[in-house]
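See below for the structure under consideration.
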Amino acid sequence: MNLPALLAAIVFLISLVLIFTEKLHRTIVGVAGAALMVLLGRILGFYSESEAIAAIDFNTLGLLLGMMILVSLLEPTGFFQYLAVWAGRMSKGKPVRLLILLGTVTTLVSMFLDNVTTVVLIAPITILISEILGINPAPLLMTEAILSDTGGVATLVGDPPNVLIGSAAGLSFLDFILYAMPIVVAAWVVALFLLRFLFRRELAVRPKKIKAIMQLNPAEALNDRQTARRVLIVLGAAILFFFVEHLLEISPAFVALSAAALALVWVKPDVKKMLERIEWSVLLFFAALFVMVGGLQASGALTSVIRLIETIDQLPPALFGVLIIWVVAGLSAVVDNVPITIAMIPVILGLGADGIPTAPLWWALAFGAGFGGNGTIIGSTANIVVATLSEKTHTPITAKLWNKRGLPVMLATCAAASLLYILAYPLYLR
Amino acid sequence: MVIRDCMKSNVVSVPSTTTILEAATVFVERHVGILPVVDESGKPIGVIRMGDLLTLELPDFVHLVQDLDFVHDFGAVETTRPSRQLLLQPVTTLMKPIQAIEETSGLLRAYARMLQDNLYDLPVVDASGKLVGVVSRVDIGAAVLSLWSSKDKK
Chain A
377 MNLPALLAAI VFLISLVLIF TEKLHRTIVG VAGAALMVLL GRILGFYSES EAIAAIDFNT
437 LGLLLGMMIL VSLLEPTGFF QYLAVWAGRM SKGKPVRLLI LLGTVTTLVS MFLDNVTTVV
497 LIAPITILIS EILGINPAPL LMTEAILSDT GGVATLVGDP PNVLIGSAAG LSFLDFILYA
557 MPIVVAAWVV ALFLLRFLFR RELAVRPKKI KAIMQLNPAE ALNDRQTARR VLIVLGAAIL
617 FFFVEHLLEI SPAFVALSAA ALALVWVKPD VKKMLERIEW SVLLFFAALF VMVGGLQASG
677 ALTSVIRLIE TIDQLPPALF GVLIIWVVAG LSAVVDNVPI TIAMIPVILG LGADGIPTAP
737 LWWALAFGAG FGGNGTIIGS TANIVVATLS EKTHTPITAK LWNKRGLPVM LATCAAASLL
797 YILAYPLYLR
Chain B
22 MVIRDCMKSN VVSVPSTTTI LEAATVFVER HVGILPVVDE SGKPIGVIRM GDLLTLELPD
82 FVHLVQDLDF VHDFGAVETT RPSRQLLLQP VTTLMKPIQA IEETSGLLRA YARMLQDNLY
142 DLPVVDASGK LVGVVSRVDI GAAVLSLWSS KDKK
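Just so you know, the sequences run in chain order A and B.
Counting from 377, one number per residue, gives the positions in the first sequence under our numbering.
Counting from 22, one number per residue, gives the positions in the second sequence under our numbering.
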């Protein structure tokens, strides 16, 4: 490894460690790391400013921004609360049914909308329903986070790693529905049954105050019916266009940003308040990581990784994919899955340039990055959100509890995905 | 008119060794909103408010969900009492620092302090800092409104 590659690798690894230890906010680490990478690139002459700009995948950023705008319009309408209250009523106060309904609603919404926002808005209502019933909210909260993270892997827009993978590999929305969704559905069902089993003691209680739950009125939780209807119509249209984007030769980013524009014109929100709900820190973090990994690639550091992988690539190709699932899942359980995915993308592209069939590897990356986050309390942002909210309740979710109940789910979903991956491998070669 | 003229001067206080449960009984019997906590020498070291005790019983979701219109029945929350173990803790675990008003303060100045700090009762102190009374929003409000119809505009 030459000097530029070594230094670039050090900058990237230090950034990963800082993100992992949470000593600094990940966006600050990203921006500082990106600046340092460009500085090194200019001094040692391996990375120019225009290359750094070109490394930013604006398709990913555009898709994320478009979807964030739609969510920011939907958020204040009370639509998410409406769904959670509806699920609470439908459960008739039966804990297992409540777990399944809330888990399913959270998953379905987060397949199309940002799962962190979904969990942020559904979790408080979950705590409300639990307290009214007099049951422990922790199993419900953990189930929501884990199932929404798992379900999000099924679609192109379901979680950020998929957006990145779809953009880099040129995979369409329909590709995700055809190739990822079946395996995700299987893993999701495994996760649900396992959670139901692991929390069997907590779910065995019979709440006494069922009448109070039936008094909850979902319609009253929906504050702004008109705006909710408009945004949902636009969102529905966007999803239809996602299905045919490859036929129309338009990008998902174009669909999402057009939908955002249409919704903005129709809803005419207070722009300042709407923009405050956009997660700029996430967009900035992504942009910074693109610049950082661009430098890593330009320095030749990733080429060394690719060569290394090729020398150990004596495995049957299907098993190599399984190895990727587990390595990426292991990393995603302890570090944010976004930097892992952004770093893996050029590696897989490099392997492809050397003639290795990469189509199946993209799916392995998506499964690993998606399911890995279930393993620890810090594995995904949704996990952190429910844990933080539960700290305000009498039964906080601890890291130990997550290791006991979440880690088995991660192992089981990865095992299910691996098994199905091997069976489906011929299909992935297309 | 100043605070001295509308405050309650028979201050009910509790020693620092009082348990939360005992303090609750004092709140019930004396119908007050605030209790100064005093040390062995009778010196006030903090206050405990009725709201601090009620918070122990309030469900967590009240702080998490802004709009509670759709909740028509609090269910199990209404019948959940704080644990015995918690109630037997000394009041000092819930005690807040004293935010007092001087007895010579004007009425509206005192009321504005209450609004800004979101308080309903204030301990009253004299120039030497000695606790001489407590005053509530209702005490101040009644005193202010009484001036509207009074000919004597102090």
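Glycine included, every Cβ here is placed at the ideal spot set by N, Cα and C.
Just so it is clear, the structure is predicted and the values come from calculations on it, not from any experiment.
Listed in chain order, which residues of the stretch 83-96 of chain B have Cβ atoms closer than 7 Å to some Cβ of chain A?
-> 84, 85, 86, 88, 90, 91, 92, 93, 94, 95, 96
Within the 8 Å Cβ cut-off, does residue 503/A reach chain B?
-> yes
Can you name the residues that DSSP bridges to residue 57/B?
-> 68/B
Residue from 88/B, 167/B, 133/B, 155/B whose Cα sits closest to the Cα of residue 53/B = 155/B
Is the Cβ of residue 754/A closer than 8 Å to any Cβ of chain B?
-> no
Return helix, strand or coil for residue 123/B, following the three-state DSSP convention.
-> strand
Is any beta-carbon of chain A found at less than 8 Å from that of residue 103/B?
-> no
Straight-line gap, residue 417/A to residue 700/A (C-alpha atoms, nearest Å) | 30 Å
On a CA-only basis, which of 694/A, 458/A, 530/A is nearest residue 732/A? Give me that one, please.
-> 694/A
Could you round the C-beta distance between residue 495/A and residue 459/A to whole angstroms and report it? I think they count as a contact, below 8 Å.
-> So it is not a contact: roughly 12 Å between Cβ atoms.
Got a sec: which bits of the stretch 121-154 of chain B sit with their beta carbon under 7 Å from any beta carbon on chain A, in order along the chain?
-> none
First through last residue of the beta strand (DSSP E) which encompasses residue 152/B = 152-157
Decide yes or no for the touch test of the stretch 403-413 of chain A against the stretch 668-685 of chain A: beta carbon pairs closer than 8 Å, at least 3 of them.
-> yes
Determine which residues of the stretch 758-781 of chain A have a Cβ less than 8 Å from any Cβ of chain B, and write them out in chain order.
-> 765, 768, 769, 770
In chain B, which residues lie less than 7 Å from residue 591/A when you measure between Cβ atoms?
-> 93, 94
Output, in chain order, the set of chain B residues within a Cβ distance shorter than 8 Å of residue 537/A.
-> Under the 8 Å cutoff, chain B gives no residues; its nearest Cβ is about 29 Å from residue 537/A.
Three-state class that DSSP yields for residue 646/A in the structure shown = coil
Please determine, among 767/A, 643/A, 509/A, the residue with the shortest C-alpha to C-alpha distance to residue 604/A.
-> 643/A
With DSSP collapsed to three states, give me the class of residue 658/A.
-> helix
So residue 143/B is in the beta strand (DSSP E); what residue range does that whole segment cover?
-> 142-146
Between which two residues does the alpha helix (DSSP H) harbouring residue 590/A extend?
-> 586-590
Under 8 Å Cβ-Cβ, which residues of chain A neighbour residue 81/B?
-> 503, 507, 768, 769, 770
If you draw a straight line from the alpha carbon of residue 67/B to that of residue 121/B, how long is it in whole angstroms?
-> 10 Å
Using a Cβ cut-off of 8 Å, pull out every chain B residue sitting near residue 470/A, in sequence order please.
-> Chain B residues near residue 470/A: none, gap ~14 Å exceeds 8 Å.
With DSSP as the reference, please indicate the residues paired to residue 36/B in a beta bridge.
-> 59/B
How would you write the range of the alpha helix (DSSP H) that residue 504/A sits in, first residue to last?
-> 491-509
Partners in chain B for residue 597/A, counting only beta-carbon separations shorter than 7 Å = 91
Residues near residue 479/A by beta carbon distance below 7 Å, same chain, minus five either side = 519, 520, 523, 568
Would you say residue 98/B reaches chain A, if we count a Cβ-Cβ gap shorter than 8 Å as a contact?
-> yes
Segment contact, 8 Å Cβ cut-off, at least three pairs: the stretch 90-105 of chain B with the stretch 584-601 of chain A | yes
Verify the CB distance criterion: does residue 585/A have a CB-CB separation below 8 Å to chain B?
-> yes
Quick one: any contact between the stretch 529-540 of chain A and the stretch 706-725 of chain A, if contact means 3 or more CB pairs under 8 Å?
-> yes
Is the stretch 738-757 of chain A touching the stretch 778-797 of chain A, taking contact as three or more C-beta pairs under 8 Å?
-> yes
Roughly how far, in whole angstroms, is the beta-carbon of residue 758/A from the beta-carbon of residue 491/A, given that I think they are within contact range, below 8 Å?
-> 5 Å
Helix or strand or just coil, what does DSSP make of residue 537/A?
-> helix
Do residue 442/A and residue 635/A come within 8 Å of each other at the CB atom, strictly closer than that value?
-> yes
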